[in-house]
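So the protein sequences, as listed, match chains A and B.
123 is the number of the first residue of the first sequence in this note's numbering; add one for each residue after it.
622 is the number of the first residue of the second sequence in this note's numbering; add one for each residue after it.
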Amino acid sequence: MVKLQINGEERELDVAADTPLLWVIRDELGLTGTKFGCGMSLCGACTVHIDGVATRSCVTQVGDVEGSAVTTIEAVSGKAAQAVQTAWDKLDVVQCGYCQSGQVMSAVALLSENPKPSDQDIDDAMSGNVCRCATYVRIRAAIHEAAKLMEA
Amino acid sequence: MLAKYFDSENSRDLQSAAIATTVAPAPTRRQFLVASAAAGAGLVIGFKFTGGNKMAAAAQADGFAPNAFVRVAPDSTVTVMIKHIEFGQGTFTGLSALVAEELDADWGQMHPEHAPADASLYNNLAFGQMQGTGGSSSIANSYQQLRQAGAAARALLVQAAAETWGVPAEGITVKKGVVAHTGSGKSATFGELADKAATLPVPAEVTLKDPKDFTIIGTVVPRPDSPAKARGQAMYTIDKTLPGMLTAVIARPPVFGATLVTFDATAAKAVKGVTDVVEVPEGVAVLGHGFWAAKSGRDALEIQWDESTGETRGSDQMMAEYKKLADKPGDVARQDGDAEAALAGAAKVLEADYEFPFLAHAPMEPLDCVVQLGDDTCDIWAGSQIQTIDQAAAAAILGLEPQQVRIHTQLAGGSFGRRATPQADMVSAAVSVAQAIDGRAPVRLLWTREDDIQGGYYRPMYFHRLRAGLDADGKLVAWQHRIVGQSIMRGTSFADFMIKNGIDQTSVEGANTLPYQIDNVTVDLHTTDVQVPVLWWRSVGSTHTAYSTEVFIDELAEAAGKDPVEFRLEMLANHPRHAGVLKLAAEKAGWGEALPKGRARGIAVHESFNTFVAEVAEISVAGDGTIKVEKVVCAVDCGVAVTPDQVKAQMEGGIGYGLGAVLHDAITLKDGRVEQANFDTYVPLRINEMPEVEVYVVPSSEAPTGVGEPGVPPIGPAVANAVYKATGQRIRALPFALHGLSAA
């Protein structure tokens, strides 16, 4: 049995401690917003927050996050999250959308730490999140837009 | 990827051949839009209602449904049945806009939804009687059809209002979803009129708007799928769950064409959660409760393969063989004048070889498919790109009629061509797994990223040899283009229609359609015999032909002592739309203006799928030789831009997708084994490499053409030409990474 604190709830799950957090989130808890893209921490589609830090859930063992707060796209909230999602809507960032949960989670983590990121800061924080539709132009613009929204 | 190769005549043949015995449900009363696709750019669509007494009643739901595409609910929601899969390219937005325009709906009330698989209603008019998405054809083939569907719904709402209010229909206006009569001051929503509209006969004819009266087409409308996708709420195939569903992964042969000898499932079955290990035509499937169990089970599987039947060559060896073939003439794809004689008489002759690797599509959502078998039914949830073929393939495996196979098309996390195989590989594999467990439980088949990268269906590897001659005045007088590579279509059910006189059109398009005015042109082709499964990849033949032709033209311009833009324009007098985008991109990019040290520009122009795109790439070269594509200026002529912001988005995305491939990507084989496996070795473009992009859309009243693919072809040659300008190095073998050119 593994204890998991996720999206504000305590869950006790009958899974092996070395199961990747991603598959616990998706297959055990039925939270499908967090996506599978590579399984090797190379694409960022599976990004969640662990104690507020953007983390790739596909290589994170569920047993290792006991005692930490896991937040998925379904429950991400607060000023930065609201600003990011509003900016994403406004600029119509998405295309296929599959990577965007991860992009949003990484962007929220960035803006929570650094409310006025430079282009370089954005590159550093977001280059772990692959978008095969290459919506990068709009991701960059939307992060700047979200920073403005947070100031307002 | 398909549309341009079909005309109405052969697509009917294709239907009967490709899916013989399997498709052809009788046309229903609802099939009132009759299309005849003309060869070439435009579609001529007749609009014919069957049965003048047809009532606009909805089949089941409340509200009304005047045709197969539009439903108006009592709450005024307008559901648009979208016949083309949404995988990012914006069909939900574009097709909804066509309906909303003629319906005079409010954008906020539009609700796109994937149509079911039913080729009698939802066929791609450019494919004949086949439902499917490809060839950047969604908007082009729907432009008249969905406007007419919207106009018919509007006419019924107006008639319903006229009868309800006892006023003449002529005095009624519709604006942003409100039907109003100024004289009487009456107004109503669509929902309020829906019941009455459902009792009225569908009009025999409708008049479409004059484009000058458009209020939605040509404007920026928000994507209806944006909010859900930014909040993790959009549902894809991988997210589908059914009671009792098992997850499956398949162990496939280590080399293409190898066969299964035997397997030992003992260790796999010992993995907690694994339920079944079964043989399927694709390999050995491991099923279990959840992905992790299935995947762990597969890791524990012991399999013996017979590789003697497989493809054991390396890609280097194949390329060497291709190169040798290029010494001999191939099957002629185009012949104007006498290129050989003109070369012999030319003042200057240039020759260059170009090499293109296999490429994987690598959509973000790895391939996946959910199947549930019933007694005489099969339900499929998938990002189905050619529903009619997927439906036929599933039916053939199960011994069902195609109508017994229901496909629930899901949003897909990208495709770039991968989800459209003539072999229906994705759906067939999942159906086979479900069948192997006798339909005991619904099955969700997943591909891992490694399965995706190593699983074939690549853009083929190609070798090109170009020779051209200039006369003493620097005029291009001879052009010889030889292409060597695999045929995408050979061996598939499409072969009879897409291979003519030995020429697979997908191998030579963009080369045999070279637009430049040259008196002597030969384009020929050697089709090679290789067991690696190959497939169209976003912009298909133009992925390689645009590169070799546009880089070679740049070499020739230099040899002729002319500016690359001027050199091209002199030869484009008969191709005003090529010339138009070329001039526009050059002007907006400040072509010819001085740049800071270490910066250079390159340009390329290419037409694909009847859309014309020119791109100017501006690059920088750092002290350590690292190159960065700083900015791309793009001009696109796609006829009427239905949703201009989505045109822009597709150009941005096409540029990024194409750039990633030319900078980094190659699928290589060693002893038949694919050397790449995941995003560490098959390197995707990341945000730090994405250039700034400016897109200019040429104002046009021509019929709209597609934008999903045409942004891709020019970026490679534009960047290569800029790299030459900056470094003196001509990149003739892709990717750039082979040449020690790293990108920042």
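By construction, the Cβ of each residue, glycine as well, lies at the ideal position given by its N, Cα and C atoms.
Since we're looking at a predicted model, the values are computed, not measured.
Next on the checklist: Comparing C-alpha positions only, which one of B/A1206, B/K807, B/L716, B/I1336 sits nearest to B/R844?
Outcome noted: As a working note, residue 844 of chain B is residue 223 in the second sequence. When only C-alpha atoms are compared, the closest one is B/L716.
Next on the checklist: Rounding to the nearest angstrom, what Cα-Cα distance links B/L777 and B/K807 in this structure?
Outcome noted: What you label residue 777 of chain B is simply residue 156 of the second sequence in a count that begins at 1. What you label residue 807 of chain B is simply residue 186 of the second sequence in a count that begins at 1. Approximately 17 Å, taken between the alpha carbons.
Checklist entry - Got a sec, what are the start and stop residues for the beta strand (DSSP E) B/K1096 sits in? => result Here residue 1096 of chain B refers to the residue found at position 475 of the second sequence. No beta strand (DSSP E) contains B/K1096, which DSSP labels as neither H nor E.
Next on the checklist: When you compare the CB of A/C180 with every CB in chain B, is at least one pair closer than 7 Å?
Outcome noted: Walking along the first sequence from the start, residue 180 of chain A turns up at place 58. Under the 7 Å criterion on CB atoms, A/C180 is classed as non-interfacial with respect to chain B.
Next on the checklist: Using 7 Å as the threshold, is the C-beta distance between B/Y1083 and B/H1165 below it?
Outcome noted: Translated into positions along the second sequence, residue 1083 of chain B becomes position 462. Translated into positions along the second sequence, residue 1165 of chain B becomes position 544. Yes, the Cβ-Cβ distance between B/Y1083 and B/H1165 is below 7 Å.
Checklist entry - Who are the Cβ neighbours of B/T642 in its own chain at under 7 Å, not counting the five residues just before and after it? => result Your numbering for residue 642 of chain B matches position 21 in the second sequence. Residue placement at B/T642 is poorly supported in this model, since its pLDDT is 28, which falls under 50; the coordinates are not used for a value here.
Item to check | Per DSSP, the bridge partner or partners of B/M1375 | outcome: For residue 1375 of chain B there is no data in the structure shown, the boundaries of chain B being 622 and 1365.
Checklist entry - So is A/C160 in contact with chain B if we call contact Cβ pairs under 7 Å? => result As a position in the first sequence, residue 160 of chain A is number 38, starting the count at 1. It does: the Cβ of A/C160 has a partner Cβ on chain B nearer than 7 Å.
Next on the checklist: Pull the bridge partners of B/E707 from the DSSP assignment, please.
Outcome noted: Residue 707 of chain B sits at position 86 when you count from the first residue of the second sequence. For B/E707, DSSP assigns no beta-bridge partner whatsoever.
Checklist entry - Whose CA, out of B/A1015, B/M1192, B/L1156, B/D920, lies closest to the CA of B/F1037? => result Position 416 of the second sequence, counted from the start, is the residue given in the question as residue 1037 of chain B. Ranked by Cα distance from B/F1037, the first of B/A1015, B/M1192, B/L1156, B/D920 is B/L1156.
Checklist entry - Along the chain, where does the alpha helix (DSSP H) that runs through B/H1199 open and close? => result On the second sequence, position 578 is the one that residue 1199 of chain B refers to. Segment 1197 to 1209, the alpha helix (DSSP H) holding B/H1199.
Next on the checklist: Tell me whether B/L1067, by its Cβ, gets closer than 6 Å to a heavy atom of the ligand COA.
Outcome noted: The ligand COA is not part of the structure shown, which contains no ligands of any sort.
Checklist entry - If you scan the segment 1056 to 1110 of chain B from start to end, which runs of the alpha helix (DSSP H) of 4 or more residues do you find wholly inside it? => result Runs of the alpha helix (DSSP H) inside the segment 1056 to 1110 of chain B: 1070 to 1075.
Item to check | As assigned by DSSP and simplified to three states, the class of B/Q925 | outcome: Looking up residue 925 of chain B in the second sequence gives position 304. Taken through DSSP and simplified to helix, strand or coil, B/Q925 comes out as strand.
Checklist entry - Where does B/D959 sit, in a helix, a strand or coil, going by DSSP? => result As a working mapping, residue 959 of chain B is identified with position 338 in the second sequence. Shown here, B/D959 sits in coil according to DSSP, grouped into three states, outside any helix or strand.
Checklist entry - Just checking, does the segment 700 to 717 of chain B make contact with the segment 780 to 796 of chain B on the three C-beta pairs under 8 Å criterion? => result Touching, no, given that fewer than three Cβ pairs across the two stretches are closer than 8 Å.
Item to check | Candidates B/P1331, B/G1332, B/V1283: closest to B/V1344 by CA position | outcome: Here residue 1344 of chain B is taken as the residue at index 723 of the second sequence, counted from 1. Of B/P1331, B/G1332, B/V1283, the residue nearest in Cα terms is B/V1283.
Checklist entry - What are the boundary residues of the alpha helix (DSSP H) that B/E1179 is part of? => result Sequence index remark: in the second sequence, residue 1179 of chain B carries index 558 (1-based). Per DSSP, B/E1179 belongs to the alpha helix (DSSP H) from 1163 to 1181.
Item to check | B/G1294 versus B/I1074 - alpha carbon distance | outcome: In the second sequence, residue 1294 of chain B corresponds to position 673, counting from 1. In the second sequence, residue 1074 of chain B corresponds to position 453, counting from 1. Per the sequence shown, the amino acid found at residue 1294 of chain B is Arg instead of Gly. Spanning the two alpha carbons is a distance of roughly 12 Å.
Checklist entry - Taking C-alpha atoms, which residue in B/G1329, B/K850, B/E923 lies nearest to B/S757? => result As a first step, residue 757 of chain B must be located in the second sequence, where it is residue number 136. Per the C-alpha coordinates, the member of B/G1329, B/K850, B/E923 positioned closest to B/S757 is B/G1329.
Item to check | chain B contact for A/D211 (CB, 7 Å cutoff) | outcome: Residue 211 of chain A sits at position 89 when you count from the first residue of the first sequence. Yes, its Cβ sits closer than 7 Å to a Cβ of chain B.
Item to check | Paired residues, beta bridge with B/E1228 - DSSP | outcome: Translated into positions along the second sequence, residue 1228 of chain B becomes position 607. Per DSSP, the beta bridge partners of B/E1228 are B/F1233.
Item to check | Sheet register partners of B/H1397 (DSSP bridge) | outcome: The first residue shown for chain B is 622 and the last is 1365, placing residue 1397 of chain B beyond what the model contains.
Next on the checklist: Three Cβ pairs or more, each shorter than 8 Å: is that satisfied between the segment 1190 to 1200 of chain B and the segment 1284 to 1292 of chain B?
Outcome noted: These segments do not touch.
Next on the checklist: Below 9 Å on C-beta distance, what does A/L271 contact in chain B?
Outcome noted: Locating residue 271 of chain A in the first sequence gives position 149, where the first residue counts as 1. Within chain B, no residue has its beta carbon less than 9 Å from that of A/L271; the closest one is some 14 Å off.
Item to check | Residue from B/T1348, B/P1335, B/E1310, B/G1349 with nearest C-alpha to A/D246 | outcome: On the first sequence, residue 246 of chain A is found 124 positions in, with the first residue counted as 1. That would be B/E1310, whose Cα lies nearest to the Cα of A/D246.
Checklist entry - Can you tell which of B/V842, B/T887, B/P737, B/D1140 has the C-alpha that lies nearest to the C-alpha of B/Q956? => result Translated into the one-based positions of the second sequence, residue 956 of chain B becomes position 335. Here the closest residue by C-alpha is B/D1140.
Checklist entry - Residues of chain A with CB under 7 Å from B/F1300, in chain order? => result By 1-based counting over the second sequence, the position of residue 1300 of chain B is 679. Neighbours of B/F1300 in chain A, taken as residues at a C-beta separation under 7 Å, are given in chain order as C160, L164, C165, V252.
Item to check | chain B residues whose Cβ lies nearer than 9 Å to that of A/Q183 | outcome: The residue given as residue 183 of chain A occupies position 61 in the first sequence. Within chain B, no residue comes near A/Q183; the closest Cβ sits about 11 Å away, beyond 9 Å.
Next on the checklist: Can you pull out the residues from the segment 822 to 853 of chain B whose beta carbon lies closer than 7 Å to at least one beta carbon of chain A?
Outcome noted: Residues passing the 7 Å Cβ filter: P843, R844, D846, S847, P848, K850, A851, R852, G853.
Item to check | Exposure label - B/P1023; buried when at least 16 CB within 10 Å | outcome: Here residue 1023 of chain B corresponds to residue number 402 of the second sequence, with the count starting at 1. Buried.
Next on the checklist: Less than 8 Å between C-beta atoms, sequence neighbours within five positions excluded: which residues of the same chain meet that for B/G911?
Outcome noted: Within the second sequence, residue 911 of chain B is the residue found at index 290, counting from 1. Within the same chain, T868, G894 come within 8 Å of B/G911 by CB-CB distance, once the 5 residues on both sides are set aside.
Next on the checklist: Assuming contact is defined by CB atoms lying nearer than 7 Å, are B/G853 and A/G159 in contact in what I supplied?
Outcome noted: As a first step, residue 853 of chain B is located in the second sequence; it is residue number 232 there, counting from the start. As a first step, residue 159 of chain A is located in the first sequence; it is residue number 37 there, counting from the start. Using a Cβ distance threshold of 7 Å, B/G853 and A/G159 do not count as a contacting pair.
Checklist entry - Any idea what DSSP makes of B/A1050, helix, strand or coil? => result Indexing the second sequence from 1 puts residue 1050 of chain B at position 429. Helix, per DSSP.
Item to check | Under 8 Å by beta carbon: chain A residues contacting B/Y1366 | outcome: Here chain B covers residues 622 to 1365 and nothing more, so residue 1366 of chain B does not appear.
Checklist entry - Where are the beta strand (DSSP E) runs, 3 residues long or more, that stay fully inside the segment 778 to 807 of chain B, in chain order? => result Entirely contained in the segment 778 to 807 of chain B, the beta strand (DSSP E) runs reaching 3 residues are, in chain order, 793 to 796, 799 to 802.
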